[in-house]
Amino acid sequence: MILVDPDWWKTLFDEVYLLTDAPFVCNPTVTCKEVDVIERVLHLRRADRILDLCGGQGRHALELARRGYSHLTVLDYAEFLLQQGRKEAARAGLRVNFCRADARAIPHRAASFDVVLLMANSFGYFSDAADDRQVLVEAARLLAPGGRLLLDLIDREAALRHFRPESWHEAAPDLVVCWRRQLVNDRVHVREVVLSKTAGLLRDRTYAERLYTPEQLCALLAEAGFAETHVRPRAFVYSPEDDHDYGLATNRMLVVARKK
14 MILVDPDWWK
24 TLFDEVYLLT
34 DAPFVCNPTV
44 TCKEVDVIER
54 VLHLRRADRI
64 LDLCGGQGRH
74 ALELARRGYS
84 HLTVLDYAEF
94 LLQQGRKEAA
104 RAGLRVNFCR
114 ADARAIPHRA
124 ASFDVVLLMA
134 NSFGYFSDAA
144 DDRQVLVEAA
154 RLLAPGGRLL
164 LDLIDREAAL
174 RHFRPESWHE
184 AAPDLVVCWR
194 RQLVNDRVHV
204 REVVLSKTAG
214 LLRDRTYAER
224 LYTPEQLCAL
234 LAEAGFAETH
244 VRPRAFVYSP
254 EDDHDYGLAT
264 NRMLVVARKK
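Here you go:
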């Protein structure tokens, strides 16, 4: 079995992550496509107070700022990614607030936001599913009544149907990323090996993500204080025809929920 440190998410998201996942997380075309969907499904208003939760370097928030939204906060645990976002915001002259915190205990007042985004498979990291639920409880606490939550996560059905125990791709001319995957109950355990053609081994790490059914998500959201939940299976589909393997990000579903 691929063994995974329960706190893998505290240290994985560094400069190597930005290299290995560059075709996905450093791809302006992908980001613009996703923000187009965000605007459409949430009916965003320029005055909305928006939290990009577990937002990394804030690629979605930065694109929203470019489109004229002015009340934007990015929260993430990875200080390295937050620093990258701050630098990009300063370089581009964009107003985005970056904050470091654990998504289970967020240092903002209740009802501080109108919209919470949880994008790019940033849900289901914790070894205890109760911690996943706590993230949703915090999202509900932070939203004003009637506020909207957008969850963008692995499409369980598609992931299982197209499950690949092993795959690899060239993330850059010098960089090869190899994955081994195992299904362990409701989680996918992944071993990721990153090789530089010139420098050799850069990373050999493991991580895991939990797969949720639409029914499970609707139940969790209802318990957390949300209503009017809508699930859109296979809302984002990234094809290997572009020569990149997006791994677990290939097929994703969107879940939109409104706070009671």
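In terms of my numbering, the sequence shown is residues 14 to 273. A virtual CB, placed ideally from N, CA and C, is assigned to each residue, including glycine. Owing to the predicted nature of the structure, the values given are computational and were not obtained by experimental measurement.
Next item on the list: List the residues that DSSP assigns as beta-bridge partners of residue 63.
Entry: Note: residue 63 sits in a beta bridge opposite 85, 128.
Next item on the list: Could you pull the start and end residues of the alpha helix (DSSP H) that residue 120 belongs to?
Entry: In the DSSP annotation of this structure, residue 120 is not part of any alpha helix (DSSP H), being labelled neither H nor E.
Next item on the list: Take the Cβ of residue 175 as the centre, count every other Cβ of all protein chains shown within 10 Å, and call the residue buried at 16 or more, exposed below.
Entry: By the neighbour-count criterion, in which 16 or more other beta carbons inside 10 Å mark a residue as buried, residue 175 falls on the exposed side.
Next item on the list: Determine the direct distance from the alpha carbon of residue 96 to that of residue 279, and round the result to whole angstroms.
Entry: Residue 279 is absent from the model: the chain starts at 14 and stops at 273.
Note to self: Taking the beta carbon of residue 47 as the centre, do at least 16 other beta carbons fall within 10 Å, making it buried, or is it exposed?
What the structure shows: Counting C-beta atoms within 10 angstroms of its own C-beta, residue 47 has 16 or more neighbours from the protein chains shown and is therefore classed as buried.
Check: Going by other Cβ atoms of all chains shown within 10 Å of its Cβ, with 16 needed for buried, is residue 53 buried or exposed?
Finding: Counting Cβ neighbours within 10 Å, residue 53 comes out exposed, since fewer than 16 surround it.
Check: Roughly how many angstroms lie between the CA atoms of residue 84 and residue 74, to the nearest whole one?
Finding: Cα-Cα distance, rounded: 10 Å.
Checklist line | residue 205 and residue 220 closer than 9 Å at C-beta | finding: In this structure, residue 205 sits near residue 220, with a CB-CB distance shorter than 9 Å.
Item checked: Residue nearest to residue 194 in terms of C-alpha spacing, selected from 216, 261, 157 -> When only C-alpha atoms are compared, the closest one is 261.
Margin query: To the nearest angstrom, how far is the alpha carbon of residue 142 from that of residue 273?
Written below: About 23 Å.
Check: Taking all protein chains shown into account, do 16 or more other C-beta atoms lie within 10 angstroms of the C-beta of residue 198, making it buried, or fewer, making it exposed?
Finding: A residue is called buried once 16 or more other Cβ atoms fall within 10 Å of its Cβ, and residue 198, having fewer, is exposed.
Next item on the list: Assess, as a yes-or-no matter, whether the region 228 to 240 is touched by the region 101 to 111 under the definition of 3 or more beta carbon pairs within less than 8 Å.
Entry: At 8 Å Cβ cutoff, the stretches do not touch.
Next item on the list: Would you kindly report the start and end of the unbroken beta strand (DSSP E) that includes residue 138?
Entry: Taken as a continuous stretch (DSSP letters only), residue 138 belongs to no beta strand (DSSP E), as it is neither H nor E.
Margin query: So if DSSP puts residue 167 in a beta bridge, which residue, or which two residues, is it bridged to?
Written below: Looking at the DSSP output, residue 167 shares a beta bridge with 265.
Margin query: I'd like the span of the beta strand (DSSP E) that includes residue 41, first residue to last.
Written below: Unbroken run through residue 41 is the alpha helix (DSSP H), 41 to 55; no beta strand (DSSP E).
Next item on the list: Return the CA-CA distance between residue 114 and residue 120, expressed in angstroms with no decimal places.
Entry: Each residue's alpha carbon lies about 7 Å from the other.
Checklist line | Option nearest residue 190 by Cα separation, candidates 271, 208, 69, 178 | finding: The residue from 271, 208, 69, 178 with its alpha-carbon nearest to that of residue 190 is 208.
Next item on the list: Please state if the CB of residue 215 and the CB of residue 32 are separated by a distance shorter than 9 Å.
Entry: Contact check for residue 32 against residue 215 passes: the beta carbons are separated by less than 9 Å.
Checklist line | Residue span of the alpha helix (DSSP H) that contains residue 36, given as start and end | finding: Start and end: 35 to 38.
Next item on the list: Report the residue ranges of all alpha helix (DSSP H) runs contained in full by the region 207 to 259; include only those spanning at least 4 residues, in chain order.
Entry: Qualifying alpha helix (DSSP H) stretches, in chain order: 227 to 237.
Next item on the list: Determine which residues share a DSSP beta bridge with residue 96 and list them.
Entry: Note: residue 96 sits in no beta bridge, so no partner.
Check: Given 8 Å as the limit, is there contact between the region 220 to 235 and the region 127 to 138, that is, 3 or more CB pairs closer than that?
Finding: In short, these stretches touch, since the Cβ pair count reaches three.
Check: What is the C-beta distance between residue 50 and residue 71, in whole angstroms, given that I count them as a contact (C-beta under 8 Å)?
Finding: At roughly 17 Å, the Cβ-Cβ gap does not stay under 8 Å, so residue 50 and residue 71 are not in contact.
Notebook entry, point to check: Taking the alpha-carbon positions, what's the residue 81 to residue 37 distance?
Noted result: Cα to Cα, the separation comes out at about 24 Å.
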